[in-house]
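Numbering (this note's numbering), first residue to last: 421 to 807.
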């Protein structure tokens, strides 16, 4: 029955994307792998957002300005989050090992397995399916847009950008420019999947394993569990499991901090720019669909992390009650003393709050605040446009 507990299986697409974008971090020492990694990060992670941003200095039209800003901000944020993830890759590898260890602590007991199967794994699958489906739809529309540009007589880029050559006057150079943007957007998609899946999934399993530990702790000393010296030994085993949970919490908070700060900072402005561009300048249905799904993807990127962070905070705050629910009142004085000390150590829930960049508390309030910021920026755009 314990074989059903496998928290790391759902991370496989994330690790595939990371191995594709950073093969040398996973033992690939061949020169072609190194050259490929350097080229990808130089041409895509660094230069792609730059070649979009440089166009802003060339006095674009209002439509080009909104279109360029929306994609530039999204791609720059994606690159920053990807670099932050590579920097914290060792923490992520340790998190995977901690999840495997915590999976082994789940007892062969119906309530815990039912919670894992019907709640924890279902939530993780629901989130990943929604994320992958949104990326699949937006990239299907993206490829359709590429095909339309290829067969069109007018030479237009996917996004207004700067190139150090005359791509309008030469068909081969235009193919190079369009191909560069197309390949870069596809590779940015792999970065986006890894960026947007890891944080919510890790927070989801962190909250779930805290809840599973609380289920085990509540039953300590009750019917069907060990009594006396064995009961005290079991308490120490649960304390050791709690240390693993807190290590997982620390690594999670540390590894997703910068990613979530960039996510919060870019989402509000991106939502405002996309809505403004669609309302004021977009007329064809394919572009409208593309940007409407783009809006949904941004929300899918932002909401799950805020939601699961709120779940983690709630589960952490309920740990003292779970300890108090055990049958401590019939235990030995030594057991009660150790349990009292342990309970006091778990009361500092506020010190374990997950913050984006160490500044913004990550919870549902942060999600709503981001939406309010986007609306405030949009009203500002409307006022400026009316002047």
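Note that the Cβ used here is the ideal one computed from N, Cα and C, for glycine as well.
Just so it is clear, the structure is predicted and the values come from calculations on it, not from any experiment.
From the DSSP secondary-structure annotation, give me the bridge partner or partners of residue 780. Locating residue 780 in the chain shown gives position 360, counting from the first residue. The partner list for residue 780 (beta bridge, DSSP) reads 776.
With a floor of 4 residues, list each alpha helix (DSSP H) that falls wholly inside the region 465 to 541, ordered by position along the chain. 467 to 473, 482 to 507, 509 to 525, 530 to 535
Cβ atoms of residue 487 and residue 824: under 7 Å apart, would you say? The structure shown does not extend to residue 824, since the chain is modelled only from 421 to 807, so the question has no answer here.
Nearest-angstrom Cβ-Cβ length linking residue 634 and residue 485, presumed shorter than 8 Å: Mapped onto the chain shown, residue 634 falls at position 214. Mapped onto the chain shown, residue 485 falls at position 65. With a Cβ gap of about 52 Å, residue 634 and residue 485 do not count as contacting.
Within its chain, find whatever has a CB closer than 6 Å to the CB of residue 508; leave out the 5 residues flanking it on each side and keep chain order. Position 88 of the chain shown holds residue 508. Same-chain partners within the cutoff: 675.
So for residue 794, helix, strand or coil by DSSP? For the purposes of this step, residue 794 is taken as the residue at position 374 of the chain shown. Three-state DSSP puts residue 794 in a helix.
Buried or exposed for residue 556, going by 16 or more other Cβ atoms inside 10 Å? Against the chain shown, residue 556 aligns to sequence position 136. With fewer than 16 other Cβ atoms within 10 Å, it is exposed.
Measuring only the C-alpha atoms, how far is residue 511 from residue 656? As a first step, residue 511 must be located in the chain shown, where it is residue number 91. As a first step, residue 656 must be located in the chain shown, where it is residue number 236. Whole-angstrom Cα-Cα distance: 26 Å.
Who are the Cβ neighbours of residue 506 in its own chain at under 6 Å, not counting the five residues just before and after it? Residue 506 sits at position 86 when you count from the first residue of the chain shown. Cβ neighbours of residue 506 beyond the five flanking positions: 442.
Residue interval of the alpha helix (DSSP H) (run including residue 615): The sequence position of residue 615 within the chain shown is 195, counting from 1. That run of the alpha helix (DSSP H) goes 591 to 638.
Going by the CB atoms, is the gap between residue 608 and residue 719 shorter than 7 Å? One-based indexing of the chain shown puts residue 719 at position 299. One-based indexing of the chain shown puts residue 608 at position 188. Not a contact, by the Cβ cut-off of 7 Å.
Select from 500, 516, 604 the residue whose C-alpha is nearest the C-alpha of residue 464. In the chain shown, residue 464 corresponds to position 44, counting from 1. Nearest of 500, 516, 604 to residue 464, Cα basis: 604.
Could you round the C-beta distance between residue 622 and residue 430 to whole angstroms and report it? I think they count as a contact, below 8 Å. Against the chain shown, residue 622 aligns to sequence position 202. Against the chain shown, residue 430 aligns to sequence position 10. The Cβ separation is near 10 Å, so there is no contact.
At what residues does the alpha helix (DSSP H) containing residue 710 begin and finish? Within the chain shown, the letter at position 290 stands for residue 710. Counted as a single uninterrupted DSSP element, the alpha helix (DSSP H) harbouring residue 710 occupies residues 705 to 737.
Please list, in chain order, all residues of the same chain as residue 543 whose beta carbon is under 7 Å from its beta carbon, the five residues on each side excluded. Counting from 1 along the chain shown, the entry for residue 543 is found at position 123. The answer, listed in chain order, is 624.
Report the option in 626, 515, 802, 565 whose CA atom is closest to the CA atom of residue 730. Within the chain shown, residue 730 is the residue found at index 310, counting from 1. The shortest Cα separation from residue 730 among 626, 515, 802, 565 belongs to 626.
At what residues does the alpha helix (DSSP H) containing residue 755 begin and finish? Counted from its first residue, the chain shown places residue 755 at position 335. Here the alpha helix (DSSP H) through residue 755 covers 753 to 765.
What is the rounded straight-line gap between the Cα of residue 519 and the Cα of residue 753? Here the question's residue 519 lines up with position 99 in the chain shown. Here the question's residue 753 lines up with position 333 in the chain shown. Roughly 34 Å between the two C-alpha positions.
Segment contact, 8 Å Cβ cut-off, at least three pairs: the region 432 to 442 with the region 576 to 587: no
Just checking, does the region 488 to 496 make contact with the region 684 to 704 on the three C-beta pairs under 8 Å criterion? They touch, by the three-pair rule.
I need the boundaries of the alpha helix (DSSP H) containing residue 452, first residue and last residue. Counting from 1 along the chain shown, the entry for residue 452 is found at position 32. That run of the alpha helix (DSSP H) goes 451 to 460.
For residue 576, which of helix, strand or coil comes out of DSSP? Taking the chain shown and counting its residues from 1, the one referred to as residue 576 is at position 156. Residue 576 falls in the coil class under three-state DSSP.
Does the distance from the C-beta atom of residue 619 to that of residue 681 stay below 7 Å? Here residue 619 refers to the residue found at position 199 of the chain shown. Here residue 681 refers to the residue found at position 261 of the chain shown. No, the Cβ-Cβ distance between residue 619 and residue 681 is not below 7 Å.
Along the alpha helix (DSSP H) that carries residue 587, what are the first and last residues, could you check? Within the chain shown, residue 587 is the residue found at index 167, counting from 1. That residue, residue 587, is in no alpha helix (DSSP H); it is neither H nor E in DSSP.
Helix, strand or coil at residue 641 according to DSSP, with G and I counted as helix: What you label residue 641 is simply residue 221 of the chain shown in a count that begins at 1. If DSSP states are grouped into helix, strand and coil, residue 641 belongs with coil.
Our contact map puts residue 526 next to residue 593 with C-beta atoms below 8 Å; I'd like the distance itself, whole angstroms only. For the purposes of this step, residue 526 is taken as the residue at position 106 of the chain shown. For the purposes of this step, residue 593 is taken as the residue at position 173 of the chain shown. With 8 Å as the limit, residue 526 and residue 593 do not qualify as a contact, their Cβ atoms being about 59 Å apart.
With a CB to CB cut of under 7 Å and the five nearest residues on each side skipped, what residues in its chain are close to residue 514? Locating residue 514 in the chain shown gives position 94, where the first residue counts as 1. The answer, listed in chain order, is 671.
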